[in-house]
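Structure, as structure tokens:
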Amino acid sequence: MKQIESLEEIELLVDSFYGKVRKDDLLAPIFNGVIQDNWPKHLEKMYSFWQTVLLEDHTYHGSPFAPHLKLAVVGKHFERWKHLFFETIDENFIGEKAEEAKIRAAKMAEMFQLKIEYFNRDNP
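The numbers in the sequence shown follow our numbering, run straight up by one, and end at 105.
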């Protein structure tokens, strides 16, 4: 088990997590359908995002929510996403940053879900 201390650990986290997502019965159709053959570019963006969030090395620029707004996702998708993310953390990492990653991921999932539900309620 490692601590999350560098880009190397961020890459392990992102690659392991999205490896699970890409094979998951519930999430794979959504992610693979949107990302298609652009996975390398998406993974690079996720490395940058989590590097900024967890290591405070500001390499990510952009709005993380906007690309998710029109996805056909509901509560069960967010629950599965969190489950796979937490599972990936617990399988690979220990320490303060690992716990912070889970807290931040849970808050982000909750915020994204609420915003998507709000948008869909007003724009059926």
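The C-beta atom is built at its ideal place from N, Cα and C for all residues, glycine as well.
Straight through space, the alpha carbons of residue 85 and residue 65 are spaced by roughly 14 Å. Between residue -15 and residue 93, the C-beta gap is not smaller than 7 Å, which leaves the two residues out of contact. A distance below 7 Å between beta-carbons, with the five flanking residues on each side excluded, links residue 61 to the following residues of its chain, in chain order: 5, 7 and 8. With 16 or more neighbouring CB atoms inside 10 Å of its own CB, residue 2 falls in the buried class. Taking a cut-off of 8 Å for Cβ pairs, the stretch 9 to 22 and the stretch -15 to -6 do not touch, as fewer than three such pairs fall below it. In the three-state scheme derived from DSSP, where H, G and I count as helix and E and B as strand, residue 96 is classed as helix. In the displayed model, residue 78 falls within a helix according to three-state DSSP.
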